[in-house]
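Reading through the structure tokens given below for one structure.
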Ligand SMILES: Nc1ncnc2c1ncn2CCCCCNC(=O)c1cc(-c2ccc(F)cc2)cc(O)c1O
Ligand SMILES: [Mg+2]
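In this note's numbering, the protein residues as written are 1 to 214.
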């Protein structure tokens, strides 16, 4: 049977990256997506912005919505302090299967909990299931029309504390207009737009960083 794009991306990692070296895994994926097949990873340009926000926040608890092949999972987890935990939710079992292997190749399994299922089903259960109080950082990169309802769920279930940071991918392309309107107009958030480009292209896109004021 034909391989899928995520499977071909995984093969490129296993062929070109060094086991236990997250930076080489990131490099191998970016090379594959730039020279072989485009894929919807956050990519190298927005990835540098992601890295700077992760480093600034220095989070002990991270929630990622939308794992895909684990590219941003690896970028984030490679920057976490010891004993920090990253929970990443992936809806598609085929993506999840590839992401587990990419995360393992990077040697980051200890820091990452990949959970399969829909964000709307899991957000209400994260406290009891994983003993989480609040998240220091949330990276939104899943269905674009789920950013706003899931942010409201995250607020409703008390998963944010004063100073928690939401970082949202694709706020321009494909776009998340209702989410942007919400975080930019709500008195509960201090928002900032980081202009960039859609991964591996010249099309405008960017990340929106929103600090929860409590
Ligand atoms: N736990 C969960 N709960 C709910 N949904 C869940 C989920 N886990 C996964 N999903 C379902 C997300 C599926 C992928 C989401 N990402 C995207 O759709 C996405 C699309 C583009 C894109 C841009 C221009 C184009 F021309 C084409 C595509 C770029 C990106 O950076 C994107 O992140
Ligand atoms: Mg994205």
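Heads up, the beta-carbon is just placed ideally off N, CA and C, and yes, glycines get one too.
Keep in mind it's a predicted model, so treat the numbers as computed, not measured.
- For residue 20, same chain residues with a beta-carbon under 6 Å away, outside a window of 5 residues either side, are 107 in chain order.
- What you get when you keep residues with a C-beta closer than 6 Å to any heavy atom of ligand 2 is 40, 42, 141, 169 and 170.
- Taking each of 175, 116 and 109 in turn and checking the Cα distance to residue 198, the smallest one comes out for 175.
- The beta carbon of residue 82 is closer than 6 Å to none in its chain, skipping five residues each way along the sequence.
- Residue 168 is bridged by DSSP to 140 and 208.
- In the structure shown, residue 202 adopts coil according to DSSP, grouped into three states.
- One Cα belongs to residue 94, the other to residue 207, and the distance between them is close to 26 Å.
- A straight line joining the alpha-carbon of residue 205 with that of residue 75 spans about 19 Å.
- Inter-segment contact for the segment 116-131 and the segment 141-149 is present: three or more beta-carbon pairs are separated by less than 8 Å.
- If one requires a minimum length of 3 residues, the beta strand (DSSP E) runs lying completely within the segment 55-81 are 61-65, in chain order.
- One alpha carbon belongs to residue 96, the other to residue 187, and they sit about 36 Å apart.
- Around the Cβ of residue 202, a 10 Å sphere holds fewer than 16 other Cβ atoms; the residue is exposed.
- In the three-state reduction of the DSSP assignment, residue 123 falls in the helix class.
- At a threshold of 7 Å, residue 119 counts as near ligand 1, since its beta carbon sits closer than that to one of the ligand's heavy atoms.
- Of 125, 155 and 128, the smallest CA-CA separation from residue 138 is found for 155.
- The DSSP-derived three-state label of residue 197 is strand.
- Looking only at 46, 60 and 126, the smallest Cα-Cα distance to residue 195 is reached by 46.
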